[in-house]
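Protein chains in written order, with our numbering: chain F, 18 to 351; chain A, 12 to 780. Following: one structure in structure tokens, then a few remarks.
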Amino acid sequence: MDSFTFTRSTTVDQAVQLAAKSLTAQQGAQVRFVAGGTTLVDLMKLNVERPREIVDINSLPLDRVEPSPAGGLILGALARNSDVAHNAAVIRDYPVLSQALLSGASPQLRNMATTAGNLLQRTRCVYFRDTAHACNKREPGTGCSAITGHNRMLAVLGTSKDCIATNPSDQNVALTALEATIQIQGPKNKRSIPIHDFYLVPGSTPHIENVLRPGEIITSVTLPPPVAGTNSTYLKLRDRAAYEFALASAAIVMKVSGGRIQHIRVALGGVGTKPWRSFEAEKVLEGHAPDRALFQRAAEAALKDARPQSENAFKVELSRRCIVRALTMSTKSA
Amino acid sequence: MLFSEYLEFIQSDKLGPNGQIKASTAEPTAVIGASLSRIDGPLKTTGSARYASDHNFPGMVYAVPVGATVASGKIRSIDTSTSEKMPGVVAILHHGNFDPVFRNASGGRNSEQRPPFEDEVVYYWGQYVALAVAETFAQAQAAAAAVKISYAPDAFNVSTNLSDPMPAIGASEGPRVLSHRGDPEGVFTSAPVKIDYTYTTPAETHNPMEMHATVAIWDGKKYTLYESSQGVMNHATVMYQVLGVPRENVEVISRFIGSGFGGKLFPWPHSALAAVASRRLNRPVKLTLSRKMMFANVGHRPRTQQRMRLGATPEGKLLSLCQDYRNHTSINDDIRENCGEATPFLYSTANLQVSSALVRRNVGTPTPMRGPGAVPGLFALESAMDELAIKLNMDPVALRLGLDTLTDEEKNKPFSSRHLKECLQVGSEKFGWSKRTLGVGSMRKGDLILGWGVAAASWSAGRGVAEASVSLRADGSARVSSGTQDPGTGTYTVVAQIVSDKTGIPVRKIQSVLGSSSLPPGPTSGGSTATATVIPAVAEAAVNAIKITLTAATTTKGSPFLGKQVKDLAMSSGRIHLKNQSPESGIPFEEILKLGNIASADGQGKTGGYGSDTDGKNFSSHSFGAQFVEVEWDPGICRLRVSRVVSVVDAGRIINAKTARNQMAGAIVMGIGMGLLEQTTYDSRNGHPINDNFADYVVPTSADHPEIDIHFLDIPDPMIGEYGARGLGEIGLAGIAPAITAAVYHATGVRVRNLPVRIEDLITANVAV
Ligand SMILES: Cc1cc2nc3c(=O)[nH]c(=O)nc-3n(C[C@H](O)[C@H](O)[C@H](O)COP(=O)(O)OP(=O)(O)OC[C@H]3O[C@@H](n4cnc5c(N)ncnc54)[C@H](O)[C@@H]3O)c2cc1C
Numbered sequence: 018m019d020s021f022t023f024t025r026s027t028t029v030d031q032a033v034q035l036a037a038k039s040l041t042a043q044q045g046a047q048v049r050f051v052a053g054g055t056t057l058v059d060l061m062k063l064n065v066e067r068p069r070e071i072v073d074i075n076s077l078p079l080d081r082v083e084p085s086p087a088g089g090l091i092l093g094a095l096a097r098n099s100d101v102a103h104n105a106a107v108i109r110d111y112p113v114l115s116q117a118l119l120s121g122a123s124p125q126l127r128n129m130a131t132t133a134g135n136l137l138q139r140t141r142c143v144y145f146r147d148t149a150h151a152c153n154k155r156e157p158g159t160g161c162s163a164i165t166g167h168n169r170m171l172a173v174l175g176t177s178k179d180c181i182a183t184n185p186s187d188q189n190v191a192l193t194a195l196e197a198t199i200q201i202q203g204p205k206n207k208r209s210i211p212i213h214d215f216y217l218v219p220g221s222t223p224h225i226e227n228v229l230r231p232g233e234i235i236t237s238v239t240l241p242p243p244v245a246g247t248n249s250t251y252l253k254l255r256d257r258a259a260y261e262f263a264l265a266s267a268a269i270v271m272k273v274s275g276g277r278i279q280h281i282r283v284a285l286g287g288v289g290t291k292p293w294r295s296f297e298a299e300k301v302l303e304g305h306a307p308d309r310a311l312f313q314r315a316a317e318a319a320l321k322d323a324r325p326q327s328e329n330a331f332k333v334e335l336s337r338r339c340i341v342r343a344l345t346m347s348t349k350s351a
Numbered sequence: 012m013l014f015s016e017y018l019e020f021i022q023s024d025k026l027g028p029n030g031q032i033k034a035s036t037a038e039p040t041a042v043i044g045a046s047l048s049r050i051d052g053p054l055k056t057t058g059s060a061r062y063a064s065d066h067n068f069p070g071m072v073y074a075v076p077v078g079a080t081v082a083s084g085k086i087r088s089i090d091t092s093t094s095e096k097m098p099g100v101v102a103i104l105h106h107g108n109f110d111p112v113f114r115n116a117s118g119g120r121n122s123e124q125r126p127p128f129e130d131e132v133v134y135y136w137g138q139y140v141a142l143a144v145a146e147t148f149a150q151a152q153a154a155a156a157a158v159k160i161s162y163a164p165d166a167f168n169v170s171t172n173l174s175d176p177m178p179a180i181g182a183s184e185g186p187r188v189l190s191h192r193g194d195p196e197g198v199f200t201s202a203p204v205k206i207d208y209t210y211t212t213p214a215e216t217h218n219p220m221e222m223h224a225t226v227a228i229w230d231g232k233k234y235t236l237y238e239s240s241q242g243v244m245n246h247a248t249v250m251y252q253v254l255g256v257p258r259e260n261v262e263v264i265s266r267f268i269g270s271g272f273g274g275k276l277f278p279w280p281h282s283a284l285a286a287v288a289s290r291r292l293n294r295p296v297k298l299t300l301s302r303k304m305m306f307a308n309v310g311h312r313p314r315t316q317q318r319m320r321l322g323a324t325p326e327g328k329l330l331s332l333c334q335d336y337r338n339h340t341s342i343n344d345d346i347r348e349n350c351g352e353a354t355p356f357l358y359s360t361a362n363l364q365v366s367s368a369l370v371r372r373n374v375g376t377p378t379p380m381r382g383p384g385a386v387p388g389l390f391a392l393e394s395a396m397d398e399l400a401i402k403l404n405m406d407p408v409a410l411r412l413g414l415d416t417l418t419d420e421e422k423n424k425p426f427s428s429r430h431l432k433e434c435l436q437v438g439s440e441k442f443g444w445s446k447r448t449l450g451v452g453s454m455r456k457g458d459l460i461l462g463w464g465v466a467a468a469s470w471s472a473g474r475g476v477a478e479a480s481v482s483l484r485a486d487g488s489a490r491v492s493s494g495t496q497d498p499g500t501g502t503y504t505v506v507a508q509i510v511s512d513k514t515g516i517p518v519r520k521i522q523s524v525l526g527s528s529s530l531p532p533g534p535t536s537g538g539s540t541a542t543a544t545v546i547p548a549v550a551e552a553a554v555n556a557i558k559i560t561l562t563a564a565t566t567t568k569g570s571p572f573l574g575k576q577v578k579d580l581a582m583s584s585g586r587i588h589l590k591n592q593s594p595e596s597g598i599p600f601e602e603i604l605k606l607g608n609i610a611s612a613d614g615q616g617k618t619g620g621y622g623s624d625t626d627g628k629n630f631s632s633h634s635f636g637a638q639f640v641e642v643e644w645d646p647g648i649c650r651l652r653v654s655r656v657v658s659v660v661d662a663g664r665i666i667n668a669k670t671a672r673n674q675m676a677g678a679i680v681m682g683i684g685m686g687l688l689e690q691t692t693y694d695s696r697n698g699h700p701i702n703d704n705f706a707d708y709v710v711p712t713s714a715d716h717p718e719i720d721i722h723f724l725d726i727p728d729p730m731i732g733e734y735g736a737r738g739l740g741e742i743g744l745a746g747i748a749p750a751i752t753a754a755v756y757h758a759t760g761v762r763v764r765n766l767p768v769r770i771e772d773l774i775t776a777n778v779a780v
């Protein structure tokens with residue numbers, strides 16, 4: 018770890034000002050906010066993140082979960098993952114989010130981890146996390162060690178010839194299915210970005226993972242009002258029973274009425290370079306009577322563009338089964 | 012105790028399994044076999060037990076090693092210009108400026124023969140090539156990261172295919188026949204039923220919770236090394252030679268160990284690095300490994316590849332058994348994984364061969380990992396047995412029962428105490444094996460498919476040489492000491508129980524002192540032999556301490572026993588009394604010591620090796636067990652979990668039911684890791700163990716912990732020595748992986764011969780989704 022300065026900010030404006038002098042808000046940022054620290058401190062110890070300046074945002078008043086004027090829910094950027102997961106409104110109206118959070122990490126980590134920190138957690142690709150290896154995401158232009166190396170955990174959707182790193186988050190998959198919006202405050206203005214547009218696929222610039230610019234801080238995440246009559250489910254598949262990132266996961270928000278699927282959102286985890294919204298699956302499902310054959314067609318459609326690597330072909334099939342089961346579960350609890 | 016449950020067996024075995032051995036054990040008091048909590052438990056749970064790296068000293072500096080980033084080659088240059096100027100840096104050491112370190116030629120076992128920094132050659136990724144020493148840990152880490160090293164890389168090999176290349180016949184690593192009888196090849200060829208498959212087990216990393224660490228202090232003449240060691244005596248024996256000083260100038264201290272699983276049996280190079288740095292700098296040096304280094308620098312279970320050939324009759328008679336295996340080892344050290352340990356005697360067969368070969372790879376030196384040899388070996392043997400049962404359309408328990416034997420056909424000696432049959436029978440009953448239906452995927456539990464599997468287990472029983480000392484003190488307490496250590500297994504508690512059994516002093520008044528090479532030489536905690544080895548020495552020391560007290564009782568003025576004969580006295584319940592009268596009639600032992608103005612009565616005891624005090628040399632001693640496993644299989648999402656394990660073990664007498672159970676449960680969970688999760692993966696492009704962290708090297712969590720039912724037959728082994736305890740640190744792991752793969756086959760129809768069983772293997776399973 019390199020030496021750094023540490024400042025505790027007391028207002029959002031101050032935090033933004035301190036961070037605005039960073040040349041980037043992406044990989045290589047000279048200034049970093051620290052929230053729970055469960056991603057950032059790890060990566061600093063590994064010399065993957067080497068900020069010169071740390072701005073502690075934990076005293077900012079951004080830790081509340083409260084109703085939005087529109088009838089949805091506002092998750093403060095600093096609301097801890099455990100608090101969100103156990104929030105009564107979340108459990109009642111957005112169970113998929115509670116389930117996703119509780120499937121992630123461990124209780125201790127969830128007590129530290131925050132909503133915004135989770136949005137910005139980095140890939141677990143072993144080559145990204147070890148400076149002995151080439152990685153385009155960590156050091157642009159050095160090459161991708163994963164494509165010709167160990168890639169069992171890595172992505173099959175949204176990959177490029179320069180990067181196949183998975184977005185490892187569970188929370189973000191649920192937020193994608195819920196069509197959450199991310200509120201951002203910058204040095205000049207505030208903006209509000211739908212989660213689907215927040216993340217970028219790697220293309221030839223895998224070090225740029227989202228639309229954040231220097232100084233920009235996430236202040237909250239807004240969930241739209243719950244759609245009446247929907248069920249939601251998060252299903253996560255992995256090698257062991259707990260405390261492991263997803264090999265494949267699926268977040269489903271579904272409403273069946275009059276024997277037909279009327280509202281459907283499908284998002285996938287563990288398989289995409291970003292939290293993966295499957296419009297393809299939704300298109301197959303929307304308006305049809307739910308049954309196994311339909312679910313299978315939806316799963317096929319979701320993985321149609323999958324590009325497996327040397328070790329992760331099984332994830333294509335695993336993801337399909339995950340989708341079918343999650344859809345089935347969503348129908349059952351209706 | 013479970014003793015009563017097995018009264019039937021014990022009664023039929025009163026004279027030993029072969030009806031000719033006289034039990035050598037007197038019936039012990041109730042403290043033996045009791046379910047006692049560890050006496051060191053409160054220290055551990057309150058955080059006051061000090062592990063190696065918890066030791067701090069004035070002026071102490073921190074050392075962080077730099078690992079090579081090539082798997083083979085030569086160091087071309089080491090640029091320390093930046094790191095040397097960094098804040099707090101005291102020294103950057105490497106092969107160019109290091110002090111001499113030597114090889115041990117006069118006894119003791121080291122791990123890597125090559126001393127650290129011997130020259131500029133790199134043999135494996137992660138090999139220590141420099142050492143940054145600084146005032147703080149963070150400064151040392153930063154300096155280590157700033158050392159720039161360039162290499163002239165050489166060709167290397169980390170291939171998992173151990174047929175590539177084959178070791179040459181005649182070469183030190185070439186094929187060697189370890190066991191042979193009859194005409195195994197010929198009989199196999201003509202056998203009516205044949206099994207011929209190759210099984211592999213991957214490299215596995217020990218990963219005890221506590222990282223290896225050394226805190227080294229040099230006082231101008233003598234080294235004190237605080238270590239996390241499973242063998243303080245051996246560590247001192249090796250290190251005096253490595254450091255080139257007289258034996259008495261090295262003391263190794265290891266009071267508490269956050270487990271080792273074999274990885275801490277022998278010294279690793281960091282110990283020498285810390286010691287030499289402390290002498291060079293004349294300051295205490297603390298060196299703690301990172302989790303990452305645990306994967307490269309301190310050993311692993313080597314990869315094995317085992318061809319199994321079984322020839323049988325249609326009725327299940329085993330005509331011929333061949334195990335031809337190879338395991339990888341490092342470039343510099345010949346480490347043979349003894350995969351054939353149990354093969355020659357587990358089942359009756361007239362024709363048998365075990366052969367072994369070593370295959371060199373550019374990896375760190377392998378080292379014993381819990382159940383070395385037997386555990387991967389039994390994966391192959393017991394998997395093949397299951398495949399044979401299926402081919403014969405026989406129940407796998409019945410097949411094994413039919414091949415049971417009370418004679419070790421390899422050594423042509425009777426077993427001292429073998430109850431594999433009972434293990435299988437009791438296990439079947441506890442598990443409900445008779446309810447098993449044969450067909451693949453034929454058993455259900457709701458929407459889930461169940462798979463049931465069984466395997467036999469075995470582990471060697473042995474006993475080494477050891478000394479111990481017991482003091483009975485005038486304050487009414489006792490002290491027991493031996494230069495062994497407690498790696499979390501319960502040794503502190505077990506030695507106190509032995510003293511309590513002999514003296515009647517309650518365990519809470521007995522102080523156990525272990526974990527220093529300055530104590531009477533005690534055993535290494537390895538091979539499940541520490542208990543069997545240390546017990547007779549402690550028992551003898553206690554008896555000798557009692558004798559001294561009794562002598563004082565007969566000679567001290569004012570003693571009620573003045574003028575009596577020692578042979579007419581006894582000590583029980585902590586009191587000295589006439590043998591033919593009750594303890595209450597006598598007086599507390601401390602009264603005698605006080606009367607005689609004696610601070611303590613100190614007895615010494617010594618254990619000879621196995622068979623030195625029994626007829627053991629004429630017998631074959633092994634522990635046995637049977638493992639029954641249930642898996643739950645959800646084909647719709649390809650999810651497989653172990654849901655239930657029944658484990659029945661024949662490990663001689665159980666000294667402490669609680670610590671014994673704890674050893675078993677831990678080993679079973681480790682077996683689930685071996686069966687389903689664990690695998691150290693070397694990147695073929697650079698030899699880096701690429702999953703060198705706890706996110707990528709997946710081990711079972713509490714949520715993976717199945718329902719576990721453990722039964723001890725608790726039948727004393729008359730040949731192992733007083734109390735008849737054989738030790739059971741390892742046998743719990745044996746047989747779990749093959750029982751899992753048998754259950755996986757039963758559930759899914761997929762036979763996994765290459766561990767671990769992964770989703771990749773099962774996703775093609777042809778069971779209706
Ligand atoms: C062992 C382990 C296991 C895990 N397992 C899982 C798992 O199974 N599933 C899963 O989903 N996750 C898992 N995680 C990841 C965990 O969820 C994240 O580390 C956590 O959510 C990050 O939140 P944080 O508040 O600690 O972030 P920090 O580490 O504090 O920050 C992460 C990044 O976000 C930035 N940041 C934080 N807050 C803001 C803000 N308000 N505005 C702008 N930038 C901000 C920081 O600058 C930093 O770059 C695991 C982590 C660990 C260590």
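We put the CB at the ideal spot given by N, CA and C, even for glycine.
Contact residues within the segment 159-193 of chain A, judged by C-beta distance below 9 Å to chain F: Along the segment 159-193 of chain A, there is no position whose C-beta sits under 9 Å from a C-beta of chain F.
Chain F residues whose Cβ lies nearer than 8 Å to that of residue 692(A): Chain F residues near residue 692(A): 167.
Candidates 63(F), 80(F) and 161(F): closest to residue 29(F) by CA position: Residue 80(F) is the option with its Cα nearest to residue 29(F).
N- and C-terminal bounds of the alpha helix (DSSP H) containing residue 345(F): From DSSP, the alpha helix (DSSP H) with residue 345(F) extends over 331-349.
CB contact check: residue 77(A) to chain F, cutoff 7 Å: Cβ-Cβ to chain F under 7 Å: no for residue 77(A).
Cβ pair residue 658(A), residue 683(A) closer than 7 Å: At the C-beta level, residue 658(A) and residue 683(A) stay beyond 7 Å of one another.
Proximity of residue 221(A) and residue 62(A) at Cβ, strictly below 7 Å: In terms of Cβ geometry, residue 221(A) and residue 62(A) form a close pair [threshold 7 Å].
Beta carbon proximity, residue 259(F) to chain A, threshold 7 Å: So yes, residue 259(F) belongs to the interface.
Inter-residue Cα distance where the pair is residue 333(F) and residue 763(A): CA-CA distance, residue 333(F) to residue 763(A), rounds to 21 Å.
Bridge-paired residues (DSSP) for residue 478(A): Answer is 617(A), bridged to residue 478(A).
Cα-Cα separation, residue 617(A) to residue 538(A): Residue 617(A) and residue 538(A) have their C-alpha atoms spaced approximately 20 Å apart.
Within 7 Å of chain A by C-beta, residues of the segment 174-187 of chain F in sequence order: Hits within the stretch: zero.
Any 3 or more C-beta pairs closer than 8 Å across the segment 127-143 of chain F and the segment 660-674 of chain A: Segments in contact, no.
Whole beta strand (DSSP E) elements within the segment 611-664 of chain A, 3-residue minimum: The segment 611-664 of chain A is shown to contain whole beta strand (DSSP E) runs of 3 or more residues at 611-618, 633-645 and 650-661, in chain order.
Cβ-based contacts, 9 Å cut-off: residues of the segment 129-148 of chain F near chain A: Correct list: 141, 143, 144, 146, 147 and 148.
Whole-angstrom distance between residue 551(A) and residue 163(A), CA atom to CA atom: Their backbone Cα atoms lie some 59 Å apart in a straight line.
Residue environment, residue 177(A), which counts as buried when at least 16 other CB atoms sit within 10 Å: Residue environment for residue 177(A): exposed (fewer than 16 other C-beta atoms within 10 angstroms of its C-beta).
Secondary structure of residue 179(A), DSSP reduced to three states: Coil at residue 179(A), not helix or strand.
Neighbourhood of residue 276(F) by C-beta, 6 Å cutoff - its chain only, sequence neighbours within 5 removed: Contacts found: 306.
Chain A contact residues for residue 334(F), given Cβ-Cβ distances below 7 Å: Those within 7 Å of residue 334(F) in chain A are 774.
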